Every structure is written in C-alpha cells, then in structure tokens.
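Going by my numbering, the sequence shown wraps up at 326, each residue one higher than the last.
Note that beta-carbon positions come from the ideal geometry of N, C-alpha and C, so glycine has one too.
Computed from a predicted structure; not experimentally measured.
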Amino acid sequence: MAKFIIRSSFTMLAVWLALGAGVAHAQDYPSRPITVINSFAPGGNADIVLRLVAARLSTDLGQPVVVDNRPGANGVIAADAVARARPDGYTLLLVSGAYPTLVATSKSLPFDPVQGFSWISMLITYPLAIAVPADSPFKTLSDLVAAAKAAPGRLNYSSAGVGSLFHLATESFESSASIDMTHVPYKGGAAPLTELLSGSRLDLTFNTLSVVEPIMKAGRVRVLAMTSATRSPLLPDVPVVAESYPGYEASSFLGIAGPAGMAPAVIERLNQALHRVLATPEMRQRFADLGGTPLPDSPEHMRRVIQSETARWKDIVATKKIDIQ
C-alpha cells in the first residue's frame with residue numbers, strides 16, 4: 002500500500018509539473034517566429050489572404066509570422082508536415098475549402114483529418130461564381146440549365162482537377178438542377194480560365210469571385226450566378242443559385258489550424274489575436290475587395306465546419322459515383 006501511495010504521489014506530481022510547464026509556455030507564447038504552411042503556390046487567392054493576415058498577426062503577437070508555401074499532392078504534403086510538427090504553436094497550417102474535398106476523395110491519408118489537428122479559427126469565406134464567356138448565348142442561369150437539359154452532356158465545364166472544390170460544387174449543382182454536363186479537369190486554376198476565354202471547348206466554369214470579377218469588369222466573361230447563400234455586395238444584381246434551386250450553397254473558406262495537442266491557452270491566444278486582426282476596418286475592406294467576408298469563429302465551430310463539409314462532399318462523391326484515381 003505504501004509503495005502504491007508513493008507511486009501515485011509521483012504520478013500526480015508529474016502531471017502537475019507538466020500542466021505547470023504548459024501554462025508557463027502559454028504565458029511566454031510566442032517567443033520566436035511562427036510559421037504558417039500554405040499548400041498553395043505563391044500569388045494565388047489563398048496566398049494573398051494569408052500574407053495579409055500574417056503581416057497583421059505578426060504586429061499583434063510581437064513576433065514574425067512567416068508563410069511557407071509547400072504545394073503538392075493536393076495539399077497532403079502541407080497538412081502532413083503540420084500534423085507531424087511539435088504542438089507548440091510555432092508551426093501552423095492554412096486550411097482551405099479544398100481540405101474537406103481532399104478528405105472526402107482520399108482513400109487514405111497519413112494523418113487523422115480531424116483528430117490530427119488543433120483547430121484555431123476561420124479567416125474568410127468567399128463564394129464561387131458561375132461564369133461563361135462574354136459572347137456566350139447564355140444570358141441567365143435558366144438559359145444554361147435549359148440548354149443542358151436539351152442536350153445532356155453537351156456543355157463542358159472546367160475544374161482544377163477531379164475531386165477539387167470546383168468540381169464537386171458543379172456536380173452538386175448538376176444534382177440540384179437535374180442536368181448532366183461534361184467535366185474537363187485541369188491542373189490548377191489558370192488554364193481553364195484561359196481556355197474559357199478562348200472559346201475553344203469550355204462553356205462555363207465555377208471559380209472564385211476574386212478570380213472572375215476582374216475579367217468580368219473587363220467585359221470578357223458574364224457571371225450568371227453566385228453560389229453563396231445570399232447575394233454578394235460586389236455583385237448585388239447577380240442572383241444566387243439558391244434563388245432558383247433552394248438549398249444550394251457552395252462556398253470556399255480559409256482558416257488556421259495547428260498540430261493536435263496544442264495547449265488550450267496557446268490556441269486561445271491565437272484565436273483572439275486572429276479575431277482582433279479580422280475586426281480591423283482595413284482587413285474587412287481588403288477581404289471585401291477579394292469578394293470575401295471575414296469569418297472569425299471558435300475552434301469548435303471550425304472543427305464542426307470541417308466535419309460537416311467533409312460529410313457533404315463524401316455524399317456527392319458517392320451519389321454521383323465520381324471515380325477518384
């Protein structure tokens with residue numbers, strides 16, 4: 002009995018010492034530069050948003066926040082690097098709307114897609130635009146749907162690859178509108194826009210508003226509808242798909258996560274800092290210019306979004322019998 006009591010006392014002491022060290026660590030955090038790993042290449046929409054946030058987060062926390070671009074393997078490389086990192090708050094991950102589609106379309110991953118991370122906060126949400134060439138015969142979404150119903154499979158749409166957010170969002174729209182179109186996958190987001198503008202073989206594309214709006218203003222494409230739940234302040238005259246097909250919604254997002262096991266106090270420190278950054282008038286305006294809306298939230302809400310979006314896209318993959326190689 003005496004040995005048991007002594008052993009138990011040592012165990013409790015170790016626990017208290019560990020907790021004390023965690024609290025002390027959280028109080029000192031951050032004491033050195035923080036790295037945020039981005040699965041996208043420099044210059045894209047996600048990279049622009051991350052660098053805007055990183056610059057202001059650095060000022061708020063008093064330490065440099067460095068962006069590390071690690072594209073490849075549809076985001077697996079970046080996510081795996083963070084999942085394997087020390088959970089000390091100095092290695093973070095930019096999570097995008099492409100993450101749930103990655104999870105939904107992957108047969109296996111080297112990390113647990115939910116339990117393998119500490120969820121911190123969303124940053125921004127932004128809708129997709131359904132765009133056609135400026136000289137397209139389709140003036141409205143109804144025109145496009147009527148043509149698709151008259152000739153199933155004749156209309157071609159692009160995406161950034163099989164299982165990408167753009168692909169699954171379009172597949173979901175097909176289900177809502179009871180139409181069938183032909184998917185033309187590309188590697189990345191620039192090539193399909195170039196081909197859409199050339200008028201060679203694409204009839205439409207789903208893409209982010211930040212990408213589509215500049216070429217729409219230049220008179221090169223026409224936006225038929227937005228995929229958000231409500232109309233965009235940037236394009237108040239453009240309807241949303243849900244006005245014709247209630248319940249349809251497909252938006253992308255960006256958020257921040259870290260490795261599983263981060264101290265709650267460190268997660269809270271980062272969450273509150275991000276809330277302050279996203280609340281500034283300058284940041285809200287910059288996000289609006291990109292067609293997005295700030296979305297600061299709780300770690301638990303971010304976790305629920307990841308889980309619900311993953312389940313949603315898994316259902317689309319199964320229902321549409323999408324073959325993921």
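Item, Value
"Just grab the DSSP bridge partners of Ile257 for me.", "Leu95 and Ser122"
"Since I believe Leu203 is in contact with Met182 (beta carbons under 8 Å), could you give me their beta-carbon distance rounded to a whole number of angstroms?", "Wrong, their Cβ atoms sit about 11 Å apart, outside the cutoff."
"Hey, out of Ser245, Leu197 and Asp48, whose CA is closest to Ser137's CA?", "Leu197"
"Whole angstroms is fine: what's the gap from Ala258's alpha carbon to Ile121's?", "5 Å"
"What are the start and end residues of each continuous alpha helix (DSSP H) run of 4 or more residues lying completely inside the stretch 161-211, in chain order?", "166-178 and 191-199"
"Report the start-end ranges of each beta strand (DSSP E) in the stretch 42-80 that is 3 residues or longer and not cut off at the edges.", "66-70"
"Can you give the Cα-Cα distance for Val24 and Met263, rounded to whole angstroms?", "Interpretation of Val24 is limited by its pLDDT of 49, a score under 50 that renders its predicted location unreliable; the figure taken from the coordinates is listed afterwards. Each residue's Cα considered, the two are about 12 Å apart."
"Could you check where the alpha helix (DSSP H) with Met284 kicks off and where it finishes?", "Pro282 to Asp290"
"I need the DSSP call for Pro34, collapsed to helix, strand or coil.", "coil"
"Return the Cβ separation of Pro111 and Val104 in integer angstroms, given the expectation that the two are a contact with Cβ distance under 8 Å.", "About 12 Å separates the two Cβ atoms, so there is no contact after all."
"Using the Cβ count rule (16 or more neighbours within 10 Å means buried), how would you classify Asp298?", "buried"
"Report yes if the C-beta distance between Ser252 and Pro128 is below 8 Å; otherwise report no.", "yes"
"With DSSP collapsed to three states, give me the class of Thr228.", "coil"
"Count the other C-beta atoms from every protein chain shown that fall within 10 angstroms of the C-beta of Gly292, then say buried if there are 16 or more, exposed otherwise.", "buried"
"Would Val232 and Val241 be called neighbours here (beta carbons separated by less than 8 Å)?", "Per the sequence presented here, residue 232 reads as Arg, with Val not at that position. Cβ distance < 8 Å, so Arg232 and Val241 count as in contact."
"Helix, strand or coil for Val267 per DSSP?", "helix"
"Examine the Cβ distances between the stretch 297-312 and the stretch 211-230 and report whether three or more of them are shorter than 8 Å.", "no"
"So, using beta-carbon positions, are Phe167 and Ser173 closer together than 8 Å?", "no"
"Under DSSP, the alpha helix (DSSP H) around Arg87 begins and ends at which residues?", "Run containing Arg87: none; DSSP gives neither H nor E here."
"What are the residues that DSSP puts in a beta bridge with Leu129?", "Thr209"
"Please state whether the Cβ-Cβ distance between Val213 and Ala99 is less than 8 Å.", "no"
"Tell me the residue span of the alpha helix (DSSP H) that contains Lys321.", "Unbroken run through Lys321: none, as it is neither H nor E."
"My output table needs one value for Pro138: the three-state DSSP class, helix, strand or coil.", "coil"
"Would you mind sorting Gly256 into buried or exposed? The rule is 16 or more other CB atoms within 10 Å of its CB.", "buried"
"Cα-Cα, which of Ile78, Ser59 and Asp89 is closest to Gln28?", "Asp89"
"For Arg155, does the three-state DSSP call read helix, strand or coil?", "coil"
"Would you tell me roughly how many angstroms separate the C-alpha atoms of Arg304 and Gly200, rounded to the nearest one?", "41 Å"
"Assuming contact is defined by CB atoms lying nearer than 8 Å, are Val83 and Ile38 in contact in what I supplied?", "yes"
"Using 10 angstroms around the beta-carbon of Leu283, count the other beta-carbons present and answer buried if the total reaches 16, otherwise exposed.", "The question names Leu, yet the displayed sequence has Glu at residue 283. With fewer than 16 other Cβ atoms within 10 Å, it is exposed."
"Pop quiz: Arg52 and Val68 are said to be a contact at Cβ under 8 Å. What is the actual Cβ separation, rounded to whole angstroms?", "6 Å"
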